[in-house]
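K.L.:
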Amino acid sequence: MEKRDVEIVVISDVHLGTYGCHAKELLKYLKSIRPKTLILNGDIIDIWQFSKRYWPETHMKILRKLMKFVVEGVEVYYLTGNHDELLRKFADMQLGTFHLQNKLILELDGKKAWFFHGDIFDVTMQHSKWLAKLGAIGYDGLILLNSLVNWVLNAIGREKMSFSKKIKAKFKDAVKFINSFEQTAADLAVENGYHYVVCGHIHQPEKRMIGADHEQVMYLNSGDWVENLTALEYANREWNIFRYDAQHFVKDEVEPGELSDGEDLHNKLDIGTLLQKIKLEIA
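Each residue of the sequence shown is one higher than the one before, starting from 169 at the first, in the numbering used here.
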């Protein structure tokens, strides 16, 4: 597959280290692009549920691929989210083309773009963090159960389903929260003179103009790599939502000096030791 040149790519809510993470699909996507700037807009590593008992090789390959982008000179911005909030104490760190920040402002073709994860708008996060963490564990369990059900449905030739989306659709409060989140982000963007506001957090990919006090701003959300498998791409002065489609990524692309997803990495990496070092760093 020929790599696509993209000026800016935004991904968020990957949740590496959880059962719901679609690391294999994300790796195929990352191999298919040649970005000038990559923005990781929060919740890339799920430190809330971090455990060396579950860290598949594909999850490590995502980190290796991100490091390879840095080595190749791609500007990589890691913006912290709530699930990786422990990294916030290292904010404003820079190593080569890698930047660890809480938010980011870029000028794109004369227009200002404001990037941040979005958990600051979540009342549960601000006042009942323990409840949010409990919900995260329940969500991961729901995704795991959903995966098993979809495996059965696929085996019998039935269409896959999303438990999470069905639950959100049935509860008006969930829809109300999403609408409130988007409007709040747009209001603040207009107030600060931004043309684009780019968030993650709510796992709801979106691209639309939102009005605030007779002014409009483009609200963008990169979605997630748990359910929607989406990213934002900026090229030719236009934003678009990329949606992963398995039929376009049938072949396992092997880059120079890299093993394929199907090959074993145990002889190359001591996963347990590496994760223990990361735990000690963030403790």
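All C-beta atoms in this analysis are idealised placements derived from N, C-alpha and C, irrespective of residue type, glycine included.
Going by beta carbon distance, what residues of the same chain come within less than 6 angstroms of His190, once the five residues before and after it are set aside?
P.N.:
Answer for His190: Trp393, Leu397, listed in chain order.
K.L.:
Which residue from Val182, Val242, Val238, Met377 puts its Cα closest to that of Thr226?
P.N.:
The shortest C-alpha separation from Thr226 is found at Val182.
K.L.:
Report the option in Ala323, Gln372, Trp282 whose CA atom is closest to the CA atom of Asp355.
P.N.:
Here the closest residue by C-alpha is Trp282.
K.L.:
Report the residue from Glu193, Lys279, Arg256 whose alpha carbon sits nearest the alpha carbon of Asn360.
P.N.:
Out of Glu193, Lys279, Arg256, Lys279 has the C-alpha closest to the C-alpha of Asn360.
K.L.:
What residues in its chain sit with their C-beta under 7 angstroms from that of Glu423, if we drop five residues either side in the sequence?
P.N.:
Closer than 7 angstroms at Cβ, skipping near neighbours: Lys199.
K.L.:
Give the range of the alpha helix (DSSP H) segment to which Phe237 is assigned.
P.N.:
Looking at the DSSP string, the run of the alpha helix (DSSP H) that includes Phe237 is 225-239.
K.L.:
On the criterion of 16 or more Cβ atoms from any shown chain inside 10 Å, does Gln262 qualify as buried, or is it exposed?
P.N.:
Exposed: under 16 other Cβ atoms inside 10 Å.
K.L.:
Here's the rule: buried if 16 or more other CB atoms are within 10 angstroms of the residue's CB, otherwise exposed. What is Val418?
P.N.:
By the 10 Å Cβ count, Val418 comes out exposed.
K.L.:
Residue range of the alpha helix (DSSP H) that Lys196 falls in?
P.N.:
Here the alpha helix (DSSP H) through Lys196 covers 191-199.
K.L.:
Gln415: buried (16+ other C-beta within 10 angstroms of its C-beta) or exposed?
P.N.:
Burial call: exposed.
K.L.:
Count the other C-beta atoms from every protein chain shown that fall within 10 angstroms of the C-beta of Asp260, then say buried if there are 16 or more, exposed otherwise.
P.N.:
With fewer than 16 Cβ atoms within 10 Å of its Cβ, Asp260 is classed as exposed.
K.L.:
Under the rule that 16 or more other beta-carbon atoms within 10 Å means buried, what is Ser296, buried or exposed?
P.N.:
Its pLDDT being 43, under 50, Ser296 is placed unreliably in this model, and the coordinates cannot settle the point.
K.L.:
Do you know how far the Cα of Phe266 is from the Cα of Glu240?
P.N.:
Whole-angstrom Cα-Cα distance: 11 angstroms.
K.L.:
Tell me where the beta strand (DSSP E) around Val366 begins and ends.
P.N.:
Residues 364-367.
K.L.:
Is it buried or exposed, Asn404, if we count other Cβ atoms within 10 angstroms and call 16 or more buried?
P.N.:
Asn404 is exposed by the Cβ-count criterion.
K.L.:
Take the Cβ of Phe410 as the centre, count every other Cβ of all protein chains shown within 10 Å, and call the residue buried at 16 or more, exposed below.
P.N.:
When all chains shown are included, Phe410 counts as buried.
K.L.:
Hey, could you find the ends of the beta strand (DSSP E) Glu383 is sitting in?
P.N.:
Its beta strand (DSSP E) spans residues 383-389.
K.L.:
Using the beta-carbon count (16 or more within 10 Å), is Lys257 buried or exposed?
P.N.:
So Lys257 counts as exposed.
K.L.:
Which of the three DSSP states is assigned to His183 in this structure?
P.N.:
Coil, per DSSP.
K.L.:
Check whether the Cβ atoms of Val366 and Val385 sit closer than 8 angstroms, and answer yes or no.
P.N.:
No. Outside cutoff.
K.L.:
Measuring only the C-alpha atoms, how far is Glu253 from Met228?
P.N.:
Cα to Cα, Glu253 sits roughly 20 angstroms from Met228.
K.L.:
Between Ile176 and Ile207, is the Cβ-Cβ spacing less than 8 angstroms?
P.N.:
Yes, they are a contact pair.
K.L.:
Do Leu272 and Leu247 have their beta-carbon atoms positioned less than 8 angstroms apart in this structure?
P.N.:
A contact, by the Cβ cut-off of 8 angstroms.
K.L.:
Quick check on DSSP: helix, strand or coil for Val358?
P.N.:
Here Val358 sits in helix by DSSP.
K.L.:
Check whether the Cβ atoms of Tyr364 and Leu388 sit closer than 8 angstroms, and answer yes or no.
P.N.:
A contact, by the Cβ cut-off of 8 angstroms.
K.L.:
Are the beta-carbon atoms belonging to Val174 and Glu374 less than 8 angstroms from one another?
P.N.:
No, these two residues do not count as a Cβ contact at 8 angstroms.
K.L.:
Considering only the alpha carbon of each residue, which of Arg221, Gly391, Trp223 lies closest to Asn209?
P.N.:
Of the listed residues, the one whose Cα sits closest to Asn209 is Gly391.
K.L.:
Cutting at 8 angstroms between CB atoms, please list the residues of its own chain near Met377, excluding the five before and the five after it.
P.N.:
Same-chain partners within the cutoff: Gln384, Val385, Met386, Tyr387.
K.L.:
Ala353 bridges to which residues according to DSSP?
P.N.:
In the DSSP output, where bridge partners are listed per residue, Ala353 has none listed.
K.L.:
Can you name, in chain order, every residue of its own chain whose Cβ lies under 7 angstroms from the Cβ of Phe237, other than the five neighbours on each side?
P.N.:
Around Phe237: Leu206, Val244.
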